[in-house]
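Residue numbers (the numbering used here): 4 to 257.
Think of the CB as a built atom: it goes at the ideal place given N, C-alpha and C, for glycine as much as any other residue.
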């Protein structure tokens, strides 16, 4: 009886351990790729085709987003064990994670098409590259403004309260867990999509930019005081945007 009662705990701990190892492995891979590509300039998509880009994108997403999503997965695991102990139907954590990954993979596909479109425009209209600093500056400004929008705060509220999200969004069965992961992925995307887009103009393999953005995302989504970072980060991003427009050479710093 005791074995049955706690049989799901090792499975949960195994999944959480795999997540931690995946985060570490992803950062190691990105560090190595950054070193190997140093000195090369291959455009917004690094010259990749769709599938290789999505693989790279997924690795980046695991490195940057999984630290912040870990509390949600851990909470889902606790509810999973509780339901198992009470004889209620349970679903493995990986089903929830699959729904989450689907959202970010689809977003990666949209981002890839957008990057290809911009690269195509730059080739057809070479003079448009003269306006690149202005475009990048405006992107920073928009991202800064978005940091303090009610929509961003609403999404953050869902991400910062894992148990509340699970309590209000619980669905039974594999399909239900998949939908829950998908919905949580949408909230997560609502929090961070513009921050992720900044990776493109800063350099998709810019490890420093990835590290800074990861810390911002983690603090915003994990700590109770994370919401207080919205205004300072908004001011900083807005200021960087203005500076890039006025002094384009600042981009060389990144």
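Note down the Cα distance separating residue 211 from residue 57, rounded to an integer number of angstroms.
-> Taking the first residue of the chain shown as 1, we reach residue 211 at position 208. Taking the first residue of the chain shown as 1, we reach residue 57 at position 54. Cα-Cα distance, rounded: 21 Å.
Could you have a look at residue 113 and say whether DSSP puts it in helix, strand or coil?
-> Translated into the one-based positions of the chain shown, residue 113 becomes position 110. Reduced to three states, the DSSP call for residue 113 is helix.
Residue 8, DSSP secondary structure in three states | Working through the chain shown from its first residue, we reach residue 8 at position 5. For residue 8, the predicted structure reports a pLDDT of 44, less than 50, and the residue's modelled location is therefore unreliable. The matter cannot be settled from this model.
How would you write the range of the alpha helix (DSSP H) that residue 227 sits in, first residue to last?
-> Here residue 227 refers to the residue found at position 224 when the chain shown is read from its first residue. Element bounds for residue 227: n/a, residue is neither H nor E.
Proximity to residue 215 [Cα-Cα], best of 198, 224, 60, 204 | Within the chain shown, numbered from 1, the residue matching residue 215 stands at position 212. Closest option to residue 215, Cα to Cα, is 198.
Delimiting residues of the alpha helix (DSSP H) encompassing residue 151 | As a working mapping, residue 151 is identified with position 148 in the chain shown. That residue, residue 151, is in no alpha helix (DSSP H); it is neither H nor E in DSSP.
Return the chain-ordered list of same chain residues with a C-beta closer than 7 Å to the C-beta of residue 8, the five sequence neighbours on each side being excluded.
-> For the purposes of this step, residue 8 is taken as residue 5 along the chain shown, with counting starting at 1. Residue confidence is low: residue 8 scores 44 on pLDDT, short of 50, so the model does not pin down where it sits. Its coordinate-derived value is still stated next. Only 88 meet the Cβ criterion.
Using 10 angstroms around the beta-carbon of residue 187, count the other beta-carbons present and answer buried if the total reaches 16, otherwise exposed.
-> Start at 1 with the first residue of the chain shown, and residue 187 comes out as number 184. Residue 187 should be labelled buried.
Contact set for residue 73: own chain, Cβ-Cβ below 7 Å, skip 5 residues either direction | Sequence index remark: in the chain shown, residue 73 carries index 70 (1-based). These residues qualify, in order along the chain: 22.
Complete runs of the beta strand (DSSP E) confined to the stretch 48-110 [at least 3 residues] = none
State the Cα-Cα distance for the pair residue 5 and residue 139, rounded to the nearest angstrom.
-> Translated into the one-based positions of the chain shown, residue 5 becomes position 2. Translated into the one-based positions of the chain shown, residue 139 becomes position 136. Low confidence applies here, because residue 5 scores a pLDDT of 37, under 50, leaving its location unreliable and the question unanswered by this model.
Cutoff 6 Å; reference residue 83; Cβ partners in own chain excluding five residues on either side | Your numbering for residue 83 matches position 80 in the chain shown. Taken in chain order, the residues that qualify are 93.
Is it the case that the Cβ atoms of residue 170 and residue 182 are separated by a distance below 7 Å?
-> Your numbering for residue 170 matches position 167 in the chain shown. Your numbering for residue 182 matches position 179 in the chain shown. Not a contact, by the Cβ cut-off of 7 Å.
Considering only residues of the same chain and omitting the five flanking positions on each side of residue 2, which have a CB-CB separation below 8 Å?
-> Because the chain in this structure spans residues 4 to 257, residue 2 falls outside the shown range and cannot be described.
Thinking C-alpha only, which one of 91, 144, 204, 19 is nearest residue 242?
-> Indexing the chain shown from 1 puts residue 242 at position 239. Comparing Cα-Cα distances from residue 242 to each of 91, 144, 204, 19, the minimum goes to 144.
Proximity winner among 207, 159, 172, relative to residue 228 (alpha-carbon distances) | Start at 1 with the first residue of the chain shown, and residue 228 comes out as number 225. Checked all of 207, 159, 172; the closest Cα to residue 228 is 159.
Have a look at 190, 130, 137, 128 and flag the residue whose alpha-carbon is nearest the alpha-carbon of residue 153.
-> The residue you call residue 153 lines up with position 150 of the chain shown. Ranking 190, 130, 137, 128 by Cα distance to residue 153 puts 190 first.
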